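Chains as they are written, first to last, in this note's numbering: chain R, 1 to 331; chain L, 332 to 662.
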DNA sequence: CTTATCTATTTACACGATTAAACGACCTGA
DNA sequence: TCAGGTCGTTTAATCGTGTAAATAGATAAG
């Protein structure tokens, strides 16, 4: 105590006049002790400013009370919102969260998992590339974010329904000629979003052009050219970041949304609502995604036998100023 | 091994036919052993897939190889860039990083520090409110980000010079009547930015109005009104987020930058360069800020006696499309 | 050939907590 | 009264590493 060292369970035991086992029982809420002793121990512990040594506990129990959160990058508007929710929920359960970015490469994902294992995480929430190969046997339980993953628990938005929603809204606004900036189709969520759109649009909309793009706010030349051809009344984008890139191209080309062409995003990341951007989009509940994933992971940690669960969260349409009824002049 | 349990130092020792102490010496690179034994042990360890149990090591040595990174929030464009750099650098040194957001409140900062201590971090990089009171004695070393902090190592950009740079560029563009959206002055960086600006502007620029605002992309009504009065040719903002809020107000009011009024930001966060935003700003080297802070923290962990260090990084002017020479018509 | 000096390795304990098992005190029912 | 059960508490072993101290073996010095 006064000798700098922080007090251990034994110090508490000595002061309280009981054995260290008793202290441990009290502090772990196994109710094995009389109310008086319980109260006494708690009081003494608080007085001494006792706080459990996590390393010792981890060594003995094999549980570290740390979970990992693996995301493709932190420098994107979407993922930090998820990370924040995971962390908040984990903390409520007494877990700390190790947020790590995997740089979007499946190989690095596997390395990151090993790193996390080395640091003794009990499990992780992860947004994984479908090509990711889990170690066998797995180093720790993983909950897959954003997409179903064979053998893993998962939490994700209903991308397919979102795609349909986009198409139906576009049709309702009178759009018949649409260009599409879809994501590369190896990513499950990109695939499902497109699929939903295409299924709902079938026969009612002409998909004039389509370009696969990376999920970043820069477009490849072929996409820029497509936009400049002015052949469509709407550009449907795989996510908000890409939609912003499209808006940028429009601005650079002297066009604007929704006057010359409507632009439709997906995600409803925080900045989509800024007046400068003001993007019509499909909202996925990012925070809920994170907290549900944390919950799921922690239940899994408590019971490794429970059946694998796949949680699908609903999406909603958020109508803003980047889309308009076709043919309607600017207000 | 084959019994599920992962191999320990004793398993390695048994297979290699040496004692566990020898294995420990080898794996910790204390060169106390013959080259042959060294090689043998390493080979066996690799063969068994041995990996050190961090909890046991932490228990024995009191070092966890984890550092914390405390930031006001993750859902801001600026902080994740720093976090990413911290993490990358920490990983290179064999440390994992616990990123935590403190929600911008000094009281919560103190709580977060206790949480981190509970999870056994060896130290932390933190962006602290000046009112933050470190525990005494400190629970672990902290490197202060973004501002000097009494008694702590620190790494931050040269906010004062940045403020001057803003003023000088404004003057060079011919601006004489300027409105200012400054941050609340209890935050050191906001204070210094303003001070630099005011000092350099003295006598050459009229500060027509000034409003203290929170560092978020929404402005209070009084700021909105000030902007709408159209009394100035430039709005100087405490950071990019606030500058974006100003641009939003302009757009909502049927004005635009730089045609009606120039807008000047600070930070050069990632999105400032998007064509939709295209913000003239003062760049602070966010990634370098993070990695230098991590370096500094780790040196501190290795030597608690070294004198406190204050690292100031230079800022630069980034000229984009939100500012223009005064009186110049739109191109 | 003895004794001192190194050096490579091992022995043995500590770190702080958890927990099965042992223990003792008290109660209960025949 | 005594076997058996219950309850609250303690004893003691254990988790995997690190490391001071002991030990053995080789070398050098006298």
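C-beta: ideal position from N, C-alpha, C; glycine also.
This one's a predicted model, so the numbers in the text were calculated from it and none came from an experiment.
Cβ-based neighbour list, residue i, same chain, cut-off 6 Å, excluding 5 preceding and 5 following
i, result
"residue 280/R", "264, 319, 320, 322 and 323"
"residue 156/R", "146 and 147"
"residue 639/L", "484"
"residue 41/R", "16, 23 and 26"
"residue 400/L", "414, 417, 428, 430 and 456"
"residue 141/R", "123 and 300"
"residue 79/R", "71"
"residue 520/L", "477, 478 and 490"
Residue i at chain L interface by Cβ criterion, 8 Å
i, result
"residue 159/R", "no"
"residue 106/R", "no"
"residue 22/R", "no"
"residue 59/R", "yes"
"residue 18/R", "no"
"residue 284/R", "no"
"residue 136/R", "no"
"residue 321/R", "no"
"residue 46/R", "no"
"residue 81/R", "yes"
"residue 254/R", "no"
"residue 277/R", "yes"
Proximal residues to residue i (C-beta, below 7 Å), its chain only, five neighbours per side dropped
i, result
"residue 9/R", "20, 23 and 24"
"residue 165/R", "282, 315 and 317"
"residue 149/R", "128"
"residue 627/L", "474, 484, 486, 640 and 642"
Same chain, Cβ closer than 8 Å to residue i, neighbours up to 5 away in sequence not counted
i, result
"residue 415/L", "618 and 621"
"residue 591/L", "561 and 581"
"residue 397/L", "426, 427, 428, 429, 450, 451, 452 and 453"
"residue 299/R", "306"
"residue 201/R", "167, 170, 171, 178 and 207"
Residue closest to residue i, alpha-carbon to alpha-carbon, out of the options
i, options, result
"residue 306/R", "235/R, 185/R and 152/R", "152/R"
"residue 116/R", "160/R, 158/R and 71/R", "71/R"
"residue 358/L", "345/L, 376/L, 522/L and 342/L", "376/L"
"residue 310/R", "93/R, 144/R, 108/R and 87/R", "144/R"
"residue 243/R", "11/R, 268/R and 7/R", "268/R"
"residue 615/L", "597/L, 370/L and 632/L", "597/L"
"residue 53/R", "11/R, 112/R, 203/R and 76/R", "11/R"
"residue 239/R", "252/R, 33/R and 270/R", "270/R"
"residue 18/R", "29/R, 38/R and 139/R", "38/R"
"residue 49/R", "33/R, 7/R and 13/R", "7/R"
"residue 440/L", "408/L, 374/L and 404/L", "404/L"
"residue 277/R", "389/L, 628/L, 626/L and 583/L", "583/L"
"residue 572/L", "588/L, 585/L, 548/L and 587/L", "548/L"
8 Å Cβ cutoff, residue i in contact with chain R
i, result
"residue 636/L", "no"
"residue 611/L", "no"
"residue 543/L", "no"
"residue 578/L", "yes"
"residue 359/L", "no"
"residue 382/L", "yes"
"residue 660/L", "With a pLDDT of only 47 at residue 660/L, under the threshold of 50, the placement of this residue in the model should not be trusted; the figure read from the coordinates follows. No, its Cβ sits nowhere closer than 8 Å to a Cβ of chain R."
"residue 481/L", "no"
"residue 341/L", "no"
"residue 601/L", "yes"
"residue 431/L", "yes"
"residue 628/L", "no"
"residue 570/L", "no"
"residue 500/L", "no"
CB-CB length for residue i against residue j, believed under 8 Å
i, j, result
"residue 528/L", "residue 492/L", "Incorrect: roughly 11 Å between the Cβ atoms, too far for contact."
"residue 158/R", "residue 313/R", "7 Å"
"residue 576/L", "residue 550/L", "5 Å"
"residue 194/R", "residue 163/R", "6 Å"
"residue 293/R", "residue 86/R", "6 Å"
"residue 112/R", "residue 233/R", "Incorrect: roughly 43 Å between the Cβ atoms, too far for contact."
"residue 334/R", "residue 606/L", "Within the shown structure, residues of chain R are numbered from 1 to 331, placing residue 334/R beyond reach of any answer."
"residue 412/L", "residue 75/R", "6 Å"
Pairing CB atoms from the segment 97-113 of chain R with CB atoms from the segment 125-135 of chain R, are three or more of them under 8 Å? Enough Cβ pairs lie closer than 8 Å, so yes.
Would you check if the segment 441-459 of chain L and the segment 383-401 of chain L touch, i.e. whether three or more CB-CB distances between them fall below 8 Å? In short, these stretches touch, since the Cβ pair count reaches three.
Could you say if the segment 183-192 of chain R and the segment 200-216 of chain R meet the contact criterion of at least three C-beta pairs nearer than 8 Å? Yes, the segment 183-192 of chain R touches the segment 200-216 of chain R.
Quick test of the definition: if touching needs 3 or more C-beta pairs under 8 Å, does the segment 166-175 of chain R touch the segment 221-228 of chain R? Too few Cβ pairs lie closer than 8 Å, so no.
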